[in-house]
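Engineer: Heads up: the sequence shown at position 116 corresponds to 108 in our numbering, and the numbers run straight through without jumps.
Please read through the structure below; I'll follow up with questions.
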Amino acid sequence: MEIREADASDFGEIRRFMELVDHEFFPPLSARSGGIPGRISSCLAGTDSNYLIAEINGTMVGALGYLENRNGIGEAYTSFLAVSPNHRGQDIARKLDAVLTQKLQDAGISSINVTTWSTNPGAYEMYRKLGYSCTQTLKDHRDVGVDTIIFQKNIGPGD
Ligand SMILES: CC(C)(COP(=O)(O)OP(=O)(O)OC[C@H]1O[C@@H](n2cnc3c(N)ncnc32)[C@H](O)[C@@H]1OP(=O)(O)O)[C@@H](O)C(=O)NCCC(=O)NCCS
């Protein structure tokens, strides 16, 4: 498996991949502001944001979208992480997170923030396994009974 940074020519493949996993997000990515195309183009066009893509024999099996320096305060934000349903449980999310962490450390970033939601216990467990800690829970933030959970991993020197 290879992990690389996406560029504008990957737009179609990322879109196809996001549509594949769209229904697993709450709310679905397609129902959020800008929809799937808006989400991808704002990232691929930005200077501070990008996607890491995991590929096996040229086929996308995982992707991670991130903002390198959100709000200019040296903290990164992961805006999207998913692995193809056929390739889960093979450490692909862990490897994407490891590549991201190394890149951000090299850039002097001190932490990575990410949000998930309370009805997604698999993601909750995964972030804990990858070294993230829950810093805040926003009660009923996504819907009645669906909280937003904010995680953070410190990656600065000495962490
Ligand atoms: C969550 C998701 C990205 C995990 O990808 P993955 O490649 O299967 O994860 P990995 O194999 O790298 O697992 C890393 C660690 O997390 C754990 N983990 C991953 N998915 C898990 C799950 N559903 N339940 C419990 N633990 C899980 C693994 O056991 C592993 O820990 P361990 O080796 O110490 O036991 C994938 O299931 C997915 O795309 N889900 C749908 C989209 C989603 O929910 N994204 C996150 C939204 S914020």
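Even for Gly, the Cβ is constructed at its ideal location relative to N, Cα and C.
Everything numeric in this text was worked out from a predicted model, so none of it was measured.
(1) Rounding to the nearest angstrom, what Cα-Cα distance links residue 140 and residue 109 in this structure?
(2) Rounded to the nearest angstrom, what separates residue -2 and residue 114 at their Cα positions?
(3) With a threshold of 16 other CB atoms inside 10 Å of the CB of residue 2, please say whether the residue is buried or exposed.
(4) Provide the residue span of the alpha helix (DSSP H) that contains residue 33, from first to last.
(5) Does the beta-carbon of residue 82, which I'm using as the reference point, lie nearer than 7 Å to any heavy atom of ligand 1?
(6) If you follow the alpha helix (DSSP H) that residue 4 is part of, which residue opens it and which one closes it?
(7) Does DSSP classify residue 49 as helix, strand or coil?
(8) In whole angstroms, what separates the C-alpha of residue 126 from that of residue 107?
Structural biologist: Based on what the coordinates show:
(1) 4 Å
(2) 26 Å
(3) buried
(4) 27 to 37
(5) yes
(6) 3 to 13
(7) coil
(8) 9 Å
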